[in-house]
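**Q** Numbering (this note's numbering), first residue to last: 2 to 375.
Backbone N, C-alpha and C define an ideal beta-carbon position, used for all residues, glycine too.
It should be emphasised that the depicted structure is a prediction, and the values quoted were computed from it without experimental measurement.
1) Can you say whether residue 141 is buried or exposed, counting buried as having 16 or more other CB atoms within 10 angstroms of its CB?
2) Which residue comes first and which comes last in the beta strand (DSSP E) that contains residue 360?
3) Does the beta-carbon of residue 353 have 16 or more other beta-carbons within 10 angstroms, so that it is buried, or is it exposed?
4) Rounding to the nearest angstrom, what Cα-Cα distance links residue 25 and residue 97 in this structure?
5) Compare the C-alpha of residue 123 against each of 166, 208, 151 and 259 and name the closest.
6) Of the choices 230, 250, 303 and 82, whose alpha-carbon is the least far from that of residue 265?
7) Please state whether DSSP places residue 76 in a helix, a strand or coil.
8) Starting from residue 264 and walking both ways along the beta strand (DSSP E), at which residues does that stretch end?
9) Looking only at its own chain, which residues have a Cβ that is under 6 angstroms from the Cβ of residue 139, when we skip the five neighbours before and after it?
10) To test your reading of the DSSP string, which unbroken beta strand (DSSP E) runs of 3 or more residues are found completely within the stretch 267 to 324?
11) Using only alpha-carbon positions, find the residue among 255, 100 and 204 that is nearest to residue 181.
12) Just how far apart, CA to CA, sit residue 377 and residue 216?
13) Could you please give me the residues that DSSP links to residue 234 through a beta bridge?
14) DSSP state of residue 222, grouped into three classes?
15) Would you call the stretch 125 to 140 and the stretch 58 to 75 in contact, with 3 or more CB pairs under 8 angstroms?
16) Under a three-way DSSP split, which group does residue 183 fall into?
17) For a quick check, are the C-beta atoms of residue 30 and residue 44 less than 7 angstroms apart?
18) Could you have a look at residue 144 and say whether DSSP puts it in helix, strand or coil?
19) To the nearest angstrom, how far is the alpha carbon of residue 324 from that of residue 111?
20) According to the Cβ coordinates, are residue 287 and residue 275 closer than 7 angstroms?
21) Run the CB neighbour count on residue 200, radius 10 Å, all protein chains shown included, and call it buried at 16 or more, exposed below.
22) Mind checking which residues open and close the alpha helix (DSSP H) that includes residue 19?
23) Using the three-state DSSP reduction, which class does residue 51 fall into: helix, strand or coil?
24) Would you tell me roughly how many angstroms separate the C-alpha atoms of residue 17 and residue 334, rounded to the nearest one?
25) In angstroms, rounded to a whole number, what distance separates the CA positions of residue 183 and residue 39?
26) Can you round the beta-carbon distance between residue 88 and residue 312 to whole angstroms, since I take them to be within the 8 angstroms contact cut?
27) If you follow the beta strand (DSSP E) that residue 194 is in, where does it begin and where does it stop?
28) Quick one: give me the first and last residue of the alpha helix (DSSP H) that residue 188 is part of.
29) Rounding to the nearest angstrom, what Cα-Cα distance links residue 95 and residue 220 in this structure?
30) Grouping DSSP H, G and I as helix and E and B as strand, with all else coil, what is residue 345?
31) Quick check on the DSSP output: the alpha helix (DSSP H) that includes residue 152 runs from which residue to which?
32) Going by other Cβ atoms of all chains shown within 10 Å of its Cβ, with 16 needed for buried, is residue 363 buried or exposed?
33) Who pairs with residue 31 in a beta bridge, going by DSSP?
34) My guess is that residue 161 and residue 285 are in contact by the Cβ rule of under 8 angstroms, so how many angstroms apart are they, rounded?
35) May I ask you to verify whether the stretch 289 to 299 touches the stretch 46 to 55, counting CB pairs closer than 8 angstroms and requiring at least 3?
36) I'd like to confirm something about residue 14: is its beta-carbon nearer than 6 angstroms to some heavy atom of the ligand COA, or not?
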């Protein structure tokens with residue numbers, strides 16, 4: 002006897018938002034997750050009164066008012082604005098690339114001066130190629146922003162992220178680089194931006210309120226693998242190749258690991274995110290979680306702080322898959338799996354793992370809000 006209308010595998014943002022909408026429609030839903038907690042990668046742990054983003058920094062941003070109003074109807078979001086800083090061999094630069102960055106690099110003070118400097122370096126790179134098309138990421142980036150920005154802020158950071166030389170990475174990864182001729186360190190152009198007050202667990206708890214949930218359940222090694230006996234339909238948010246038992250081959254992923262520690266100071270680095278862009282430092286960035294939710298004097302009202310060093314590594318079995326590897330082999334393989342997925346009846350594949358696509362959070366919510374759920 003089918004007890005549920007939907008079995009949802011995975012309690013991340015796609016699964017939780019889907020469950021919320023299904024419950025609104027009067028449908029009965031069961032959510033299972035193999036982790037010991039709900040929330041997927043947006044799960045937070047409270048340490049020293051600070052919401053620690055256990056799986057890396059998550060900043061919600063969107064220009065879609067419907068999406069923003071929806072998440073704020075579950076939990077109020079704060080005013081956090083993402084303004085990362087890059088540390089290259091001890092020198093600090095503002096991100097994204099803007100007039101502050103160009104002043105730090107060259108001492109230029111006007112957009113005309115900055116544009117001329119970038120154009121001069123771009124033309125050097127284009128002439129070096131003899132007007133042929135860039136063949137790899139390094140050539141592409143040099144043609145977009147020139148050698149100074151590339152060498153200090155892109156090259157080594159990208160190589161740490163991907164574990165391979167920029168000359169080995171395809172050009173299409175970096176077809177465009179945002180360059181802003183204004184003194185504005187806001188990383189995102191979106192109209193709305195923030196963090197749930199009290200952390201992302203508040204968002205997940207609100208979405209899943211009143212819904213049957215089970216943790217520590219592995220879909221593939223449990224009674225739920227024969228989901229048709231339990232539910233009429235399945236929402237699957239795990240890795241798409243695993244769903245099909247790797248029948249066409251395994252997809253590649255990049256993953257990240259974290260070294261998190263408590264620092265006996267109220268303010269460790271003065272910013273939520275500092276990127277380390279040279280090979281001299283093994284991690285890609287340091288996250289100081291306090292700055293996502295604590296501002297002004299509030300920072301000093303908590304005597305300690307929590308930081309996480311983030312390391313990018315090649316995915317191996319047993320690790321958490323984070324980022325799709327968007328080269329030709331993996332894109333073709335993922336497309337073949339997507340074609341298999343389309344043939345599955347009563348199964349919805351949702352989220353970055355099931356679609357083998359990197360997503361920010363807002364587009365995931367937008368996708369689920371657009372679905373016809375019945």
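**A** Let's see:
1) Counting Cβ neighbours within 10 Å, residue 141 comes out buried, since at least 16 surround it.
2) Run containing residue 360: none; DSSP gives neither H nor E here.
3) A buried status is given to residue 353, since no fewer than 16 other beta-carbon atoms sit within 10 Å of its beta-carbon.
4) Between the alpha carbons of residue 25 and residue 97 lies a distance of about 40 angstroms.
5) Nearest C-alpha to residue 123 among 166, 208, 151 and 259: 151.
6) The shortest Cα separation from residue 265 among 230, 250, 303 and 82 belongs to 303.
7) In the structure shown, residue 76 sits in coil (DSSP, three-state: anything other than H, G, I, E or B).
8) Counting along the chain, the beta strand (DSSP E) containing residue 264 begins and ends at 254 to 264.
9) So the qualifying residues of the chain are 167 and 168.
10) If only complete runs of 3 or more residues are kept, the stretch 267 to 324 shows the beta strand (DSSP E) at 274 to 277, 286 to 289 and 306 to 315, in order along the chain.
11) Of 255, 100 and 204, the residue nearest in Cα terms is 100.
12) Shown here, the chain extends from 2 to 375; a query on residue 377 therefore has no answer.
13) Residue pairing by DSSP places residue 234 opposite 7 in a beta bridge.
14) Judged by DSSP in its simplified three-state form, residue 222 adopts helix.
15) As far as the Cβ criterion goes, the stretch 125 to 140 does not touch the stretch 58 to 75, which means the pair count is below three.
16) DSSP places residue 183 outside both helix and strand once states are collapsed to three, so it counts as coil.
17) Taking 7 angstroms as the Cβ cut-off, residue 30 and residue 44 do not qualify as a contacting pair.
18) Helix.
19) In this structure, the straight-line span from the alpha carbon of residue 324 to that of residue 111 is close to 37 angstroms.
20) Note that the C-beta distance between residue 287 and residue 275 is below 7 angstroms.
21) By the 10 Å Cβ count, residue 200 comes out buried.
22) Counting along the chain, the alpha helix (DSSP H) containing residue 19 begins and ends at 14 to 25.
23) Note: residue 51 maps to strand in three-state DSSP.
24) When rounded, the distance between both Cα atoms is 28 angstroms.
25) Computed Cα separation, rounded: 41 angstroms.
26) Rounded to the nearest angstrom, the Cβ distance from residue 88 to residue 312 is 16 angstroms, too far for a contact under 8 angstroms.
27) Membership of residue 194 in the beta strand (DSSP E) is indicated by the continuous run 193 to 195.
28) Neither: residue 188 is in no alpha helix (DSSP H) and is coded neither H nor E.
29) Cα to Cα, the separation comes out at about 44 angstroms.
30) Coil, per DSSP.
31) Segment: none, residue 152 is in no alpha helix (DSSP H) and carries neither H nor E.
32) Buried is the call here.
33) Paired residues: 8 and 213.
34) Contact flag correct, Cβ pair sits at about 5 angstroms.
35) Of all C-beta pairs linking the stretch 289 to 299 to the stretch 46 to 55, three or more are shorter than 8 angstroms, placing the two stretches in contact.
36) The model depicted lacks the ligand COA and carries no ligand whatsoever.
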